[in-house]
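Written out below as structure tokens is the structure these notes cover.
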Amino acid sequence: MPIKTHIKQASGWFYFNSPRGRAELRGAGVILMLHRVLADDASAALPHRNELCVGPRAFEGLLRWLPRHFDCVSLMDLLQSHEEPRGDSRPKVALTFDDGWRDNAVNAFPLLQRHQVPASIFLSTDYIGSRQRFWWESVGETLWGSHGEEARRQLIERLRKLGRPLPAAYFMHDHSKARSLVLARYLQTLKSLSPQALHVLTDACPTESLPQAMDWQQVRALEDSGLVRFGPHGASHALLPYLDDHRLKEELTRSHAALNEGCRAPLPVYCYPNGDHDERVRTQVAAHRYPYALSTRPGICKGHDDPLALPRIGVSQRNASRPSLLAWRISRGDR
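Residue 106 in numbering that gives the first Met the number 0 is what sits at position 107 of the sequence shown, and the numbering runs on without skipping anything.
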């Protein structure tokens with residue numbers, strides 16, 4: 000393990016166990032941002048999955064660690080107490096999941112239920128109950144070889160013709176972790192492609208046996224448990240600041256309508272796809288009667304944040320499996 004990781008872990012442990020750290024956290028709220036819980040930890044640990052994925056063992060360890068330091072509450076409980084913070088109270092933590100992945104219902108929910116930890120899931124509503132796919136998953140796993148060598152070869156050729164060739168370093172590494180890291184960095188560069196180009200690339204990938212997203216029956220079953228509530232994460236997962244006024248309004252309206260139809264008590268909280276927002280987007284979100292919205296800006300809630308740009312702390316396989324690293328991230332968010 001790199002020496003920098005040891006230092007971060009030690010710093011995180013000290014922050015959570017020192018009088019100063021406990022004093023700084025008192026009365027604060029931490030919103031954790033997750034995406035997926037895969038079926039095994041080894042798969043989640045690969046760099047091209049690590050930032051969006053955790054494994055079940057790491058996730059359950061996180062659910063055991065959090066109550067030692069926080070009151071695990073629903074997102075609405077945290078936000079309502081955030082409006083009138085009490086400096087003498089124990090810090091609160093709320094779990095949020097972005098996108099609406101099927102594994103949230105299959106892998107994450109049983110663990111949430113076992114430990115009685117509430118969570119909020121933000122749905123990209125066009126994907127729910129459909130075979131529509133998230134480009135990152137389809138393109139990334141096809142390039143990784145999860146769907147066979149021929150499918151990978153064809154996608155590599157398509158990307159080359161698009162002017163986005165896979166880096167030579169990807170082919171030079173025999174070690175899976177090094178190759179996965181190259182792939183992770185390459186996938187980040189594809190975010191600059193147009194939605195249409197990403198859609199074409201996704202369509203070029205083999206279809207999976209199961210939908211990537213959950214269906215409305217799963218949504219309602221989780222909602223009926225009383226542990227999970229749902230909110231909007233866009234309809235198509237389009238990045239909102241890049242839409243014109245008409246498309247922005249349509250995107251917000253469509254996701255709002257889908258949640259109202261599919262859920263009994265949707266959250267009055269919007270979650271920006273990719274965390275992207277600007278003043279125009281925030282104004283439109285407020286006009287759709289959302290008093291709160293979540294960003295991806297790292298930080299903890301202390302009572303002075305813009306309620307339409309609330310910070311969150313990202314959870315990955317790396318820091319879920321080493322909670323002292325998560326503690327370090329939270330400590331940095333306090334500054």
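Where is the CB? At the ideal position from N, CA and C, for every residue including glycine. Bear in mind that the values here come from a model prediction, so they are computed numbers and not experimental data.
Determine the closest residue to residue i out of the options, with distance taken between C-alpha atoms.
| i | options | result |
| --- | --- | --- |
| Ala-285 | Pro-267, Ala-326, Thr-295 | Pro-267 |
| His-370 | Trp-135, Ala-118, Val-105, Gln-112 | Because residue 370 is not part of the residues shown, which for the chain are 0 to 334, the question remains open. |
| Trp-100 | Phe-13, Leu-33, Arg-89 | Leu-33 |
| Pro-231 | Ala-256, Ser-224, Ala-168 | Ala-256 |
| Asp-244 | Val-72, Arg-328, Gln-283 | Gln-283 |
| Ser-315 | Phe-15, Asn-16, Asp-40, Pro-1 | Asp-40 |
| Pro-336 | Asp-76, Leu-226, Gly-54 | The structure shown has nothing for residue 336, since the chain only spans 0 to 334. |
| Glu-149 | Ala-203, Ser-208, Pro-55, Gly-261 | Ala-203 |
| His-236 | Tyr-269, Ala-167, Asp-223 | Tyr-269 |
| Thr-252 | Gly-274, His-287, Lys-176 | His-287 |
| Ser-208 | Asn-259, Asn-318, Leu-200, Arg-132 | Arg-132 |
| His-276 | Leu-258, Ser-175, Leu-242, Asn-259 | Leu-242 |
| Ala-196 | Phe-170, Asp-223, Lys-160, Ile-120 | Lys-160 |
| Arg-35 | Asp-173, Leu-325, His-146, Ala-107 | Ala-107 |
| Ser-254 | Ile-127, Gln-187, Ala-326, Ser-145 | Ile-127 |
Taking the beta strand (DSSP E) that residue i belongs to, which residues open and close that run?
| i | result |
| --- | --- |
| Ala-118 | 118-122 |
| Val-92 | 91-98 |
| Val-29 | 28-33 |
For residue i, which three-state DSSP category applies?
| i | result |
| --- | --- |
| Asp-125 | helix |
| Pro-194 | helix |
| Gly-261 | helix |
| Asp-243 | coil |
| Val-72 | coil |
| Ile-312 | strand |
| Ser-330 | helix |
| Gln-79 | helix |
| Thr-206 | coil |
| Gly-20 | helix |
| Arg-253 | helix |
| Leu-324 | helix |
| Gly-144 | coil |
| Pro-66 | helix |
Just curious, the alpha helix (DSSP H) that residue i is in, first and last residue?
| i | result |
| --- | --- |
| Lys-3 | 2-16 |
| Glu-148 | 148-160 |
| Gln-336 | Absent from the structure is residue 336, since the part of the chain shown begins at 0 and ends at 334. |
| Lys-170 | For clarity, residue 170 is Phe in the given sequence; the question names Lys instead. Note, Phe-170: alpha helix (DSSP H), 167-171. |
| Pro-163 | The residue asked about is misnamed: residue 163 is Arg in this sequence, not Pro. Careful: Arg-163 lies outside any alpha helix (DSSP H) and carries neither H nor E. |
| Gln-187 | 175-188 |
| Ala-41 | 40-44 |
Comparing the CB of residue i with every heavy atom of the ligand HEM, is any distance shorter than 8 Å?
| i | result |
| --- | --- |
| Phe-15 | Looking at this structure, you won't find the ligand HEM or any other ligand, since it has none at all. |
DSSP puts residue i in a beta bridge; with which residues?
| i | result |
| --- | --- |
| Cys-52 | Arg-35 |
| Cys-300 | Gly-28 |
| Val-105 | Val-105 pairs with nothing; no bridge assigned. |
| Tyr-269 | Ala-292 |
Chain D beta carbons: is any one of them nearer than 9 Å to that of residue i?
| i | result |
| --- | --- |
| Arg-159 | In the displayed structure, chain D is absent; only one protein chain is listed. |
Inset, instruction - Could you tell me which uninterrupted beta strand (DSSP E) segments, each at least 3 residues in length, are contained entirely in the stretch 210-235, listed from first to last along the chain? - result: 227-231
Inset, instruction - At 4 residues or longer, and completely inside the stretch 271-295: list those alpha helix (DSSP H) runs for me, N to C. - result: 278-286
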